[in-house]
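To keep things clear, I will list the structure first and then write my remarks on it.
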Amino acid sequence: MQNAATPTTTMPAEWRDFFTLTKPRVMTLVIFTGICGLLAAPGSIHPVLGFTAILAISMGAGGSAALNHWWEADLDKGMKRTAKRPLPSGRMRREDARDFGVFLSAVSVVLMGVAIGWLAAATLAIAIVYYAVVYTMWLKPRTPQNIVIGGGSGAFPPLIGWVAVTGEITAMPVLLFAIIFFWTPPHFWALALFVKSDYAKVGIPMLPVVAGEKTTRQHILVYTFVLAPIAIAPWAIGGTSWVYGSVAVVLSALFVLLAIPVGLRERAEEDSMREEKVLFKFSIYYLFALFAALVADRVLAANGLIGPGMLEGVLA
């Protein structure tokens, strides 16, 4: 966190400002993957409890995001794409963002523990600390590998959703965690390539700033090749049917094909990075489609429309 003070607020914050602190766009992915983990898990959960679990996941994600806003308020002020957020623009006091983040985080863990179970609550607590402390306060300002290790913070929702139903951690939810973990670097670095000037201006050591475009592009390609077999693994080990498997194979092949020209290109101007922008947008659709296929596979199997995975009974 920087020492410079944010602007003094001249008006009270509105509810929209507090909502903005939760990072609604990121929240969409968190809620979606959390729901997918819950629906894809073997067994069943009462709809009210299922809703409560997703609510707790959402509150935890929103709380950690608010703490991210609080800690990085001065950094956000120096970047064009974040300067209009509530704190750097002076629409909210920094203390209010901090207190809001702590409140949401604490309530989310207690709610999850009381309504669902303490294993799910503990996993949620770890996810909150991982993002708000390990990534935001420690990794992001110190190492260009911040997004690699910090990617684990966004990988928790499907794992938590699965645990909410089953009460245990097994191979399948770990694979769901791994998919998002290894998806995050190529997804985020594709974005970082065409906004690297913002990061350079405020001194955040993102990979394109520290190691250069060529190295970043090579890393994008490597992580995409690593991601592909991991995305297919749930089918390969018999945890899903060919429905998920075929979608994972096709989408992962497309991801690799889009990453190749990005990875082999040495340098490009920020305003001409068409391939990088296409890869970034596709990576978002990729994750949504992959997890939607996981749920569709489970629903079809539950209704007897497709056969179960070879090892479903073992891995469930």
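Numbering-wise, the working numbering puts 80 at position 92 of the sequence shown, and it's gapless, one number per residue.
Backbone N, C-alpha and C define an ideal beta-carbon position, used for all residues, glycine too.
Small disclaimer: the values here were computed from a predicted structure and weren't measured.
The alpha helix (DSSP H) that contains residue i, what's its start and end?
| i | result |
| --- | --- |
| K269 | R262 to A290 |
| A103 | R82 to A103 |
| M160 | A159 to V190 |
| V122 | From DSSP, V122 is part of no alpha helix (DSSP H); its letter is neither H nor E. |
| T228 | Careful: T228 lies outside any alpha helix (DSSP H) and carries neither H nor E. |
| P129 | Neither: P129 is in no alpha helix (DSSP H) and is coded neither H nor E. |
| S46 | P35 to W59 |
| P196 | L195 to V198 |
Mapping DSSP to helix, strand and coil, what is residue i?
| i | result |
| --- | --- |
| S77 | coil |
| T10 | coil |
| P145 | helix |
| E254 | coil |
| A1 | coil |
| L293 | coil |
| I208 | helix |
| T111 | helix |
| T(-4) | Because T(-4) sits at a pLDDT of 46, beneath the cut-off of 50, its placement in the model cannot be relied upon, and the following sentence gives the value as read from the coordinates. Note: T(-4) maps to coil in three-state DSSP. |
| N(-9) | Per-residue confidence for N(-9) stands at a pLDDT of 41, beneath the threshold of 50, marking its modelled position as unreliable; no derived number is given. |
| K65 | helix |
| G22 | helix |
| Q217 | According to the sequence displayed, residue 217 carries Pro and not Gln. Of the three classes helix, strand and coil, the one that applies to P217 here is helix, per DSSP. |
| T16 | helix |
| T70 | coil |
| P222 | helix |
| G233 | helix |
| G301 | In this prediction, G301 has a pLDDT of 40, which is less than 50 and means its spatial position is unreliable; nothing more can be read from the coordinates. |
| G138 | helix |
| P30 | coil |
| E156 | coil |
Buried or exposed: where does residue i fall if 16 or more other Cβ atoms within 10 Å of its Cβ makes it buried?
| i | result |
| --- | --- |
| D5 | buried |
| F270 | buried |
| N291 | exposed |
| L26 | buried |
| D87 | exposed |
| K72 | exposed |
| H34 | exposed |
| F91 | exposed |
| V136 | buried |
Leaving aside the five residues before and after residue i along the sequence, list all residues of the same chain whose C-beta is less than 6 Å from its C-beta, in chain order.
| i | result |
| --- | --- |
| F165 | A143 and L147 |
| A304 | Caution applies to A304, whose pLDDT of 41 falls short of 50 and renders its modelled position unreliable; the value that the coordinates give is listed next. For A304, where only same-chain residues beyond five positions count, the Cβ hits under 6 Å are P30. |
| A108 | M100, I148, V151 and A152 |
| T10 | G50 and A53 |
| V97 | A109, L112 and A113 |
| D64 | T70, R73 and P76 |
| A281 | Y232 and V235 |
| Y187 | M194 and V197 |
Under 7 Å from any heavy atom of the ligand ZN, does the C-beta of residue i make it?
| i | result |
| --- | --- |
| L242 | Among the components of this structure there are no ligands whatsoever, and the ligand ZN is therefore not found. |
Is the separation between the beta-carbon of residue i and that of residue j shorter than 8 Å?
| i | j | result |
| --- | --- | --- |
| L348 | T124 | Only positions -11 to 304 of the chain appear in this structure, which leaves residue 348 out of reach. |
| A85 | L99 | no |
| V190 | M80 | no |
| A29 | G149 | yes |
| T172 | G139 | yes |
| V250 | A277 | no |
| P196 | K184 | yes |
| F170 | Y211 | yes |
| L252 | I218 | no |
| W177 | T204 | yes |
| V244 | A221 | no |
Can you list, in chain order, the residues of its chain with a C-beta nearer than 8 Å to that of residue i? Leave out the 5 residues immediately preceding and following it.
| i | result |
| --- | --- |
| M15 | S46, A49, G50 and A53 |
| F39 | none |
| V36 | none |
| V214 | F170 |
| E254 | E201, K202 and R205 |
| P132 | P193, M194, L195, V197, V198 and A199 |
Can you give me the Cβ contacts of residue i inside the same chain, cut-off strictly under 7 Å, excluding the 5 residues immediately before and after it?
| i | result |
| --- | --- |
| T154 | A29, P30 and G31 |
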